[in-house]
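First up is the structure itself, then whatever we jot down about it.
Number of protein chains: 2
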Amino acid sequence: MKELIAALPVGRVLTDPDVTESYARDRTFLRPGKALGVVLAQSRDDVVTTMRWATEHRVPVVPRGAGTGLAGAATAMDGSVVLSLHRMTSILDLSPDDEVAVVEPGVITADLDRAAREHGLMYAPDPSSYEISTIGGNLATNAGGLRCVKYGVTRDSALGLEVVLADGRVLETGRRTMKGVTGYDLTGLFVGSEGTLGVITKATVRLRRAPAEVATVAAEFSSLRDAAAAVSAITAAGCQPSLLELMDRTTLKAIDDWKNIGLDPGTQAMLIAQSDASDSQRAAARMAELCDANGASFTALSGSPEEAAELVGVRRLAYQAKERLGQCLVEDVCVPRSALPEMISAVEAAAARHDVMIATVAHAGDGNLHPVFVFERGLEEPPPQVWAAADEVFREALALGGTLTGEHGVGLLKRRWLALESGPVATEIQHGIKRVFDPLNILNPGKAI
Amino acid sequence: MKELIAALPVGRVLTDPDVTESYARDRTFLRPGKALGVVLAQSRDDVVTTMRWATEHRVPVVPRGAGTGLAGAATAMDGSVVLSLHRMTSILDLSPDDEVAVVEPGVITADLDRAAREHGLMYAPDPSSYEISTIGGNLATNAGGLRCVKYGVTRDSALGLEVVLADGRVLETGRRTMKGVTGYDLTGLFVGSEGTLGVITKATVRLRRAPAEVATVAAEFSSLRDAAAAVSAITAAGCQPSLLELMDRTTLKAIDDWKNIGLDPGTQAMLIAQSDASDSQRAAARMAELCDANGASFTALSGSPEEAAELVGVRRLAYQAKERLGQCLVEDVCVPRSALPEMISAVEAAAARHDVMIATVAHAGDGNLHPVFVFERGLEEPPPQVWAAADEVFREALALGGTLTGEHGVGLLKRRWLALESGPVATEIQHGIKRVFDPLNILNPGKAI
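These protein sequence lines map, in sequence, to chains A and B. Following the UniProt record's numbering, the numbering of the first sequence begins with 1 at its first residue and continues without gaps. Following the UniProt record's numbering, the numbering of the second sequence begins with 1 at its first residue and continues without gaps.
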């Protein structure tokens, strides 16, 4: 560590265990190992220096953005060095003509979105954490979000990357253009690789035209399945919502207890749907009709941006509200759209069978559910009945043709189910790819694959 | 070969050189080597058998769809076996609820699109060749097309693949869901890999809602740069066209000579713009205005689907029309959107300086140009002045922040410029990845990377 400290500019390395501990964990309950220290990188050169040193001394490195991950990918292990990119916060270029931005990895997601909006553009990917998470972290996990249903995930906005490899070499991938097929898609390989293949030090991302107007529908239902049926109807009718979010009663209750949103006693589910199309009012009215036709007890439509922001703001509180109830195991299954009602029933059944509190929100338009398993504070890890219920939920998602993780990633949390989805050939290939980039296995070892 | 013939069902292998020759080339001028034979695969098992045999005997295999490629990726080499997938033409599943189809690789692209439209959906990627090219070939090259400007390239519609690896093992990648981040993005790695990593035997692709209406603008300009300026204005105004195509006079003249479209003597360029938004008429009217404001000599707007199909049909004739003029070297540079006018000037300058006929069409909304270098029939390859002009065009594209290939791929044709774009680290990594999948280098050796 003395050598690393000497090789970096003054003040880049933290070694006081009281301070480093907060850099060693993400948003999960997982307890980190004891890291040797934390590098607060401020430039690509800092990252190169750190990786060269790590290669020389075979020290595991855990790259890290803001630590808002929900799968344990940024959890430090014993004897590792945490490499935090959160101080690399420059927006290096923002070109309205090319609809492209070039950013450092520590840029807060919402900050880039705001910068783009000054030019009538937006940065589309918006994980719920987007006010605190970084672009680098979003890229490393291929983060999703609320607007995915129309604009796709982080991968769909990533054009090119600068990456520092395990041995300190610098790799450039991708391009600044809208299209390009020179060589294999290395950009796509890094996106979602959870820091196991390299450290992203710069990204060229695509911006999109910001919508001129939005119209928003909020609908309450006395049954969760009715709400899910409304989701299917909205998709089938071709309404093309720019946001289609579902919250169950447990989630709504947690938000209501905290923020007093005036929750009706009979409300079992709420749907928030938004259209940002040029005929957003008409599209929203159609979505409201479909909610009514599927048994909504209450439906409201608004063309006001302020009301829309408020409603979506309620949804963005969901995770924090649930953290008030206890410790959380946040899950992230994604099923084919048509299987959403069935998946929701399976979650309800698992909660009842194992007597576990599960609060579910869903990016419903994508078939992506977040069942949050709430358990007692103070426990080191979820009790057996929570794991049993989670196991049931995972297996049911796979049985329905779905996946273990729609947008949060595998990290450490989902490794024990990974083989159920990936199979032996894919697993072998993935480890082969890992060896090409990181033959010494020092980059976030044990995560993702 | 006897062993391979015996291992496959009767009739799967062609060895008569007169017959195999037509399977050994693509749409380029490149002369293929002498293949040992052609396998006409009808099932995954045929592919597995072929690859096991090829691994055992170290025989290079050239996977192939319909042979409509424009970069030489499907050009056979001496002593190779061509593995054609064009007989695997089943649409195995088409789910309107999930907006997903599962297809064999030999399905003709436009056939899938038509099948989807029966359910109010579409398969968005539409390379100009889409009436004759296959989904497998489109995946292998990450084909683009006219609708890319709104709906993205083939990659953006590929959810999951079944792939036979070099040694005959079967790998499944990806998923059926809209989102998913389990493991590295192997689907993305295969898309655009030009048959060098594995043979795609099944694909799960995303369908999209078919637009209810389209409005189309055709505008003629007396200067190509004016047309390019109109493109920039349309993008900057946020019109979000679903198609934005540019043709230069040489292209128009070739089409006119063939199909008599009544080309005006003063027309130097034509722009075709389309909107399929719910307010398509309004969007098209705005695009027409912007054409007028940028010096269009003639502008027509139509809401009729028949007229739209006719206009777009004219554009789709471009390549065939040019083939009537001579042999073609079809290029495919892509530049940041704002650099389109500059790139067009560079192409015109290169044509003048080297006294070469270049006919340019562009997916203008994406900054993707196809300068087609026309040269004399009967020549074995383009004469030196064509290569010199092409070299200038490539270097200028890179200097403008662009790429050598937006959608056609590297194949054999662009290999000599590859290092200019990729750099040594990316090249080494790509060869490392190739070795993970194909350690004996039998899958389409010498292509793509």
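Ideal Cβ placement from N, Cα and C applies to all residues, glycine included. Quick caveat, the model's predicted, so the values are computed rather than measured.
Shown here for B:Ala269: same chain residues with a beta carbon closer than 6 Å to its own, the five before and five after excluded, namely Phe221, Leu224, Ala227, Asp248 in chain order. For the stretch 192-270 of chain A, the continuous alpha helix (DSSP H) assignments of 4+ residues that do not extend past its boundaries occur at 224-236, 249-259, in sequence order. B:Pro17 sits in a helix when the DSSP states are folded into three classes.
Under the three-state reduction of DSSP output, A:Ala71 falls in the coil class, being neither helix nor strand. DSSP lists A:Phe375 as the beta-bridge partner residues of A:Gln327.
Pairwise C-beta distances place the stretch 74-86 of chain B out of contact with the stretch 151-161 of chain B, as fewer than three of them are shorter than 8 Å.
Considering only beta carbons, the part of the stretch 169-193 of chain A lying closer than 8 Å to chain B consists of Arg169, Val170, Leu171, Glu172, Thr173, Arg175, Arg176, Thr177, Met178, Lys179, Gly180, Val181, Thr182, Gly183, Tyr184, Asp185, Leu186, Gly188, Leu189, Val191, Gly192, Ser193, in chain order. The beta carbon of B:Pro336 falls within 7 Å of a beta carbon belonging to chain A, placing the residue at that interface. Distance from the CA of B:Ala346 to the CA of B:Ala390, rounded to the nearest whole angstrom, comes to 11 Å. By the criterion of a C-beta distance shorter than 6 Å, B:Ala116 is surrounded in its chain by Met122, Tyr123, Leu207, once the five residues flanking it on both sides are discounted. Taking 9 Å as the Cβ-Cβ cut-off, the stretch 363-386 of chain A approaches chain B at His363, Gly365, Asp366, Gly367, Asn368, given in chain order.
A residue is called buried when at least 16 other Cβ atoms come within 10 angstroms of its Cβ; B:Asp18 does not meet this threshold and is exposed. According to DSSP, residue pairing for B:Phe298 in a beta bridge involves B:Glu220. DSSP lists B:Val372 as the beta-bridge partner residues of B:Ala359. When the Cα atoms are used, A:Thr251 and A:Thr360 turn out to be separated by approximately 6 Å.
Bridge pairing for B:Pro32: absent [DSSP].
In the displayed model, B:Ala277 falls within coil according to three-state DSSP, outside both helix and strand. Contact annotation for A:Ser278 against chain B: Ala277, Ser278, Asp279, Arg282, Ala283 [CB-CB distance below 8 Å, chain order].
Distances from the alpha-carbon of B:Glu104 to those of B:Arg44, B:Pro127, B:Thr55 put B:Arg44 closest. Listed in chain order, the positions of the stretch 396-407 of chain B with a beta carbon within less than 7 Å of a beta carbon of chain A are Gly401, Gly402, Thr403, Leu404, Thr405, Gly406, Glu407. Boundaries of the beta strand (DSSP E) around A:Ile91: 91-95.
Sequence-distant partners of A:Ala362 (beyond 5 residues in either direction) whose C-beta falls short of 6 Å from its own C-beta, in its chain, are Leu246, Leu369. With contact defined as three or more Cβ pairs closer than 8 Å, the stretch 377-396 of chain A and the stretch 280-299 of chain A are not in contact. Shown here, A:Ala390 sits in a helix according to DSSP, grouped into three states. Note on B:Ala397: 16 or more other CB atoms within 10 angstroms of its CB, so buried under the neighbour-count rule.
Residue burial annotation: A:Leu243 is buried, with at least 16 other C-beta atoms found within 10 angstroms of its C-beta. As the crow flies, the alpha-carbon of A:Val312 is around 34 Å from that of A:Leu40. With fewer than 16 other Cβ atoms inside 10 Å of its own Cβ, B:Asp257 counts as exposed.
A:Thr109 places its beta carbon less than 7 Å from that of A:Asn138.
Positions of the alpha helix (DSSP H) runs, each at least 4 residues long and wholly inside the stretch 86-140 of chain A, are given as 109-117 in order along the chain. DSSP places A:Thr55 in the uninterrupted alpha helix (DSSP H) bounded by 44-57. Contact annotation for A:Val153 against chain B: Lys179 [CB-CB distance below 7 Å, chain order]. Counting other Cβ atoms within 10 Å of its Cβ, B:Ser22 stays below 16 and is therefore classed as exposed. Following the DSSP letters along the chain, one finds B:Leu311 inside the alpha helix (DSSP H) bounded by residues 305-316. Between A:Ser280 and A:Val214, the gap from beta carbon to beta carbon is short of 7 Å. Inter-residue distance for B:Gly198 and A:Ser304 is about 52 Å (C-alpha atoms, whole angstroms).
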